[in-house]
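S.K.: Below is one structure. I have some questions about it.
Residue numbers (this note's numbering): 27 to 170.
Okay, structure coming up:
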């Protein structure tokens with residue numbers, strides 16, 4: 027299961043996923059303690075089971091209690107979500123997505139952020155140029 031489609035989670039499910047991404051792993055009681063306006067213990071237990079059934083979580087039994095963890099890292103989830111946003115709203119155009127972010131009202135980047143973005147653009151350029159000169163065997167090594 028490569029794309030778990032976290033964007034389709036309900037608000038409480040998303041809160042639980044956020045807790046688990048922040049903590050790496052947690053028991054039902056630990057998740058319950060971290061939730062704002064928490065539901066009952068049994069409701070959290072059921073939501074964790076549902077998230078596990080959907081393929082977002084896994085668990086192990088430690089000292090007689092289930093300890094849950096996410097299947098995908100936060101970085102993998104964020105990349106998947108961004109890929110979907112770029113494809114859905116910007117027709118796959120990274121340029122249009124970035125332009126929208128840079129020109130959004132109330133969301134102006136700081137000078138430090140702009141410098142980091144410039145560095146990322148340079149890095150992307152050098153990566154693109156190095157790919158053009160790779161042999162198929164070398165490309166496979168890079169993707170591993």
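Glycine included, every Cβ here is placed at the ideal spot set by N, Cα and C.
In this text the structure is predicted, and so the values were computed from the model without any measurement.
Grab me the residues of residue 100's own chain with a C-beta within less than 6 Å of its C-beta, minus the 5 sequence neighbours each way, in chain order.
M.R.: Taken in chain order, the residues that qualify are 47.
S.K.: Where does residue 142 sit, in a helix, a strand or coil, going by DSSP?
M.R.: DSSP places residue 142 in helix when its eight states are reduced to three.
S.K.: According to the neighbour-count rule (16 or more other Cβ atoms, all chains shown, within 10 Å of its Cβ), is residue 98 buried or exposed?
M.R.: So residue 98 ends up on the buried side.
S.K.: I need the straight-line Cα distance from residue 67 to residue 81, nearest angstrom please.
M.R.: Cα to Cα, residue 67 sits roughly 21 Å from residue 81.
S.K.: Roughly how many angstroms separate the alpha carbons of residue 169 and residue 92, rounded to a whole number?
M.R.: Note that residue 169 scores 36 on pLDDT, short of 50, meaning its location in the model is unreliable; the coordinates nonetheless yield the value given after this. So the two alpha carbons sit approximately 35 Å from each other.
S.K.: Can you check which of these residues, 56, 62, 50, is closest to residue 37 by C-alpha distance?
M.R.: Taking only the C-alpha atoms, the option nearest residue 37 is 62.
S.K.: Tell me whether residue 94 is buried or exposed, calling it buried when 16 or more other Cβ atoms sit within 10 Å of its Cβ.
M.R.: Buried, because 16 or more other Cβ atoms sit within 10 Å of the Cβ of residue 94.
S.K.: What distance in whole Å lies between the Cβ atoms of residue 54 and residue 71, which are believed to be in contact at a cut-off of 8 Å?
M.R.: Correct: roughly 5 Å between the Cβ atoms.
S.K.: What do you reckon, are the CB atoms on residue 83 and residue 39 nearer than 8 Å?
M.R.: No. Outside cutoff.
S.K.: Fully enclosed by the region 70-126, which alpha helix (DSSP H) runs are 4 residues long or longer?
M.R.: Qualifying alpha helix (DSSP H) stretches, in chain order: 100-116.
S.K.: For residue 135 versus residue 143, is the C-beta distance shorter than 8 Å?
M.R.: In this structure, residue 143 lies closer than 8 Å to residue 135 by Cβ.
S.K.: I need the DSSP call for residue 40, collapsed to helix, strand or coil.
M.R.: Note: residue 40 maps to helix in three-state DSSP.
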